[in-house]
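Student: Take a look at the following structure, please.
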Amino acid sequence: MPRLDYVQWDITSVCNLDCAHCREKPTASSPKYDLNASEIRSVIDQIVAFNTHTLSLAGGEPLLARRIWDILEYSQGKFKRLVLSTNGTLITSTVAERLRRYLTNVQISIDGPDAETHDYIRGEGTFARSMTAIKALQKVGLQVDVRMTICRETAPRVRDFIDLTKRLNLCGAYMRRVIPSGNAASGGKVGELSSIELRSVLGDAISYGRSIGQHVASADYFCQITFNDEQRKKAEHTQAMGGSVIGGCAVGINSFYLMQDGTISYCPYLPVYCGSLRENSLEYVWEHSEMLKVARALRYNLKGKCGTCNYLYACGGCRAYAYAKTGDILAEDSGCWIK
């Protein structure tokens, strides 16, 4: 069996919010497609059998999943990291106490340092409720991580967001760029930054974080390569191995994305059908899925500047971003500033 670093499982499509940058356009979500109790146990057992380090439970809003507590109880102690990725609006002190029994981490999406910015993205009153959730989770001893989505509307408040994470005694301020799909597609409430603007914002954020002693990081590998000397050295080492080792996005190599109905896909932003755990075992899909084989070969067939980049094997850009911008999964990631 391979060893998986990370699996994200969207345990429901139901959500209580309609965020401006959500990958899903508003639809009539229904829990009727969610896995049943025996299917859930089977899925967890199979993920465990793959020596999975981190299982992240997401959605939708995972706390609205009908079997959330069954999933947590059965998953308890089976992973090095068991993470809940939530908007935080449903976490009370009672819920926090229950979550403490099962989880290692809770990730909450915070899109600004105050209600004015955050609520524009996520809806009126959501900032206050998410702050309540963070404090309740900290009180019971759970590690809380927060992540901000960088778009034109949130970018001016990045330093203030970093200040907020320090005031809340969080271990870091985490960021990701908006992917222009779903609600965030052209014509929506939020806009994306150019690659040059993104470099300026993230470079300033990391520099500012260092100046106040707060860790700041971005999910984009080209950002890590640019602003982190250790990560750049690792990337150069990976690149020197000529493709025998792949860094960056590792879908089909040591990670995958699982939808609420048991479908295996590339990632939440790139729902390429790879197989179903309702029809086949995870081992069978992993070994025989043609689309997972395609995923493993993507790095060797990229186009544009990604295909000729000095960090091709260490990064490879974001395939979901490339697809959202061009309709071609192999296209260059135009959001990257590395030439």
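Its first residue numbered 1, the sequence shown is counted upward by one per residue in UniProt numbering.
Backbone N, C-alpha and C fix where the C-beta goes; we use that ideal spot for every residue, glycine too.
Source: prediction; values computed, not measured.
Can you tell me which of 186, 108, 125, 135 puts its alpha carbon nearest to the alpha carbon of residue 149?
Tutor: Stepping through the sequence shown from its first residue, residue 149 is reached at position 149. Among 186, 108, 125, 135, the Cα nearest to that of residue 149 belongs to 108.
Student: Mind checking whether residue 127 and residue 145 have CB atoms under 8 angstroms apart?
Tutor: Taking the sequence shown and counting its residues from 1, one reaches residue 127 at position 127. Taking the sequence shown and counting its residues from 1, one reaches residue 145 at position 145. Going by C-beta atoms, residue 127 is not nearer than 8 angstroms to residue 145.
Student: Report buried or exposed for residue 171, applying the criterion of at least 16 other Cβ atoms within 10 angstroms of its Cβ.
Tutor: Position 171 of the sequence shown, counting from 1, holds the residue named residue 171. Residue 171 is exposed by the Cβ-count criterion.
Student: Enumerate, from N- to C-terminal direction, the unbroken beta strand (DSSP E) stretches of 3 or more residues contained entirely within the segment 245 to 303.
Tutor: 255 to 258, 263 to 265
Student: Tell me the rounded alpha-carbon separation between residue 140 and residue 11.
Tutor: Within the sequence shown, the letter at position 140 stands for residue 140. Within the sequence shown, the letter at position 11 stands for residue 11. Taking the straight line joining both Cα atoms gives about 24 angstroms.
Student: Taking the C-alpha atoms as reference points, what is the distance between residue 290 and residue 274?
Tutor: Residue numbering aside, residue 290 sits at position 290 when the sequence shown is read from its first letter. Residue numbering aside, residue 274 sits at position 274 when the sequence shown is read from its first letter. Roughly 7 angstroms separates the two Cα atoms.
Student: Which whole-angstrom value describes the C-beta separation of residue 17 and residue 122, a residue pair presumed to lie in contact below a C-beta threshold of 8 angstroms?
Tutor: Position 17 of the sequence shown, counted from the first residue, corresponds to residue 17. Position 122 of the sequence shown, counted from the first residue, corresponds to residue 122. The pair is a contact, with the Cβ atoms about 6 angstroms apart (cut-off 8 angstroms).
Student: By DSSP, does residue 118 sit in helix, in strand, or in coil?
Tutor: Looking up residue 118 in the sequence shown gives position 118. Helix.
Student: My understanding is that residue 224 touches residue 231, with C-beta atoms under 8 angstroms, so please give their C-beta distance in whole angstroms.
Tutor: Indexing the sequence shown from 1 puts residue 224 at position 224. Indexing the sequence shown from 1 puts residue 231 at position 231. With a Cβ gap of about 4 angstroms, residue 224 and residue 231 count as contacting.
Student: Roughly how far, in whole angstroms, is the beta-carbon of residue 324 from the beta-carbon of residue 304, given that I think they are within contact range, below 8 angstroms?
Tutor: Stepping through the sequence shown from its first residue, residue 324 is reached at position 324. Stepping through the sequence shown from its first residue, residue 304 is reached at position 304. Actually they are not in contact, since the Cβ atoms of residue 324 and residue 304 sit about 15 angstroms apart, beyond 8 angstroms.
Student: Assuming residue 164 contacts residue 337 (C-beta within less than 8 angstroms), just tell me the rounded distance between them.
Tutor: On the sequence shown, position 164 is the one that residue 164 refers to. On the sequence shown, position 337 is the one that residue 337 refers to. Between residue 337 and residue 164 the Cβ distance is about 26 angstroms, and since that is not below 8 angstroms, they are no contact.
Student: From residue 265 to residue 55, what distance separates their C-alpha atoms?
Tutor: For the purposes of this step, residue 265 is taken as the residue at position 265 of the sequence shown. For the purposes of this step, residue 55 is taken as the residue at position 55 of the sequence shown. About 15 angstroms.
Student: Taking the beta carbon of residue 61 as the centre, do at least 16 other beta carbons fall within 10 Å, making it buried, or is it exposed?
Tutor: Here residue 61 refers to the residue found at position 61 when the sequence shown is read from its first residue. Flag for residue 61 reads buried.
Student: Counting only the same chain and skipping the five closest in sequence on each side, list residues whose C-beta sits under 7 angstroms from that of residue 295.
Tutor: Here residue 295 refers to the residue found at position 295 of the sequence shown. Shown here for residue 295: same chain residues with a beta carbon closer than 7 angstroms to its own, the five before and five after excluded, namely 251, 252, 266 in chain order.
Student: Just reading off the alpha helix (DSSP H) that residue 69 is part of, what are its end residues?
Tutor: In the sequence shown, residue 69 corresponds to position 69, counting from 1. Its alpha helix (DSSP H) spans residues 68 to 75.
Student: Assuming the contact rule is C-beta atoms closer than 8 angstroms, residue 34 and residue 66 should be a hit. Round their C-beta distance to whole Å, please.
Tutor: Taking the sequence shown and counting its residues from 1, one reaches residue 34 at position 34. Taking the sequence shown and counting its residues from 1, one reaches residue 66 at position 66. The pair is a contact, with the Cβ atoms about 6 angstroms apart (cut-off 8 angstroms).
Student: Taking just the CA atoms, how far does residue 96 sit from residue 135?
Tutor: Counting from 1 along the sequence shown, the entry for residue 135 is found at position 135. Counting from 1 along the sequence shown, the entry for residue 96 is found at position 96. Approximately 9 angstroms between the Cα atoms of the pair.
Student: Could you check if residue 285 is buried or exposed, using at least 16 other CB atoms within 10 Å of its CB as the buried criterion?
Tutor: On the sequence shown, position 285 is the one that residue 285 refers to. Buried is the call here.
Student: So what's residue 179 in DSSP terms, helix, strand or just coil?
Tutor: The sequence position of residue 179 within the sequence shown is 179, counting from 1. Coil.
Student: Would you list the residues sitting across from residue 337 in a DSSP beta bridge?
Tutor: For the purposes of this step, residue 337 is identified with residue 337 of the sequence shown, where counting begins at 1. Note: residue 337 sits in no beta bridge, so no partner.
Student: State the Cα-Cα distance for the pair residue 306 and residue 228, rounded to the nearest angstrom.
Tutor: One-based indexing of the sequence shown puts residue 306 at position 306. One-based indexing of the sequence shown puts residue 228 at position 228. Using only the alpha carbons, I get a separation of about 20 angstroms.
Student: Roughly how many whole angstroms lie between the Cα atoms of residue 3 and residue 261?
Tutor: Taking the sequence shown and counting its residues from 1, one reaches residue 3 at position 3. Taking the sequence shown and counting its residues from 1, one reaches residue 261 at position 261. Roughly 23 angstroms between the two C-alpha positions.
Student: Alpha carbon to alpha carbon, what distance is there between residue 327 and residue 333?
Tutor: Within the sequence shown, the letter at position 333 stands for residue 333. Within the sequence shown, the letter at position 327 stands for residue 327. The straight-line gap from Cα to Cα measures roughly 12 angstroms.
Student: Going by DSSP, what residues sit across from residue 81 in a beta bridge?
Tutor: As a first step, residue 81 is located in the sequence shown; it is residue number 81 there, counting from the start. For residue 81, which the question treats as bridged, DSSP gives the partners 54.
Student: For residue 110, name the three-state secondary structure that DSSP assigns.
Tutor: Looking up residue 110 in the sequence shown gives position 110. Correct three-state label for residue 110: coil.
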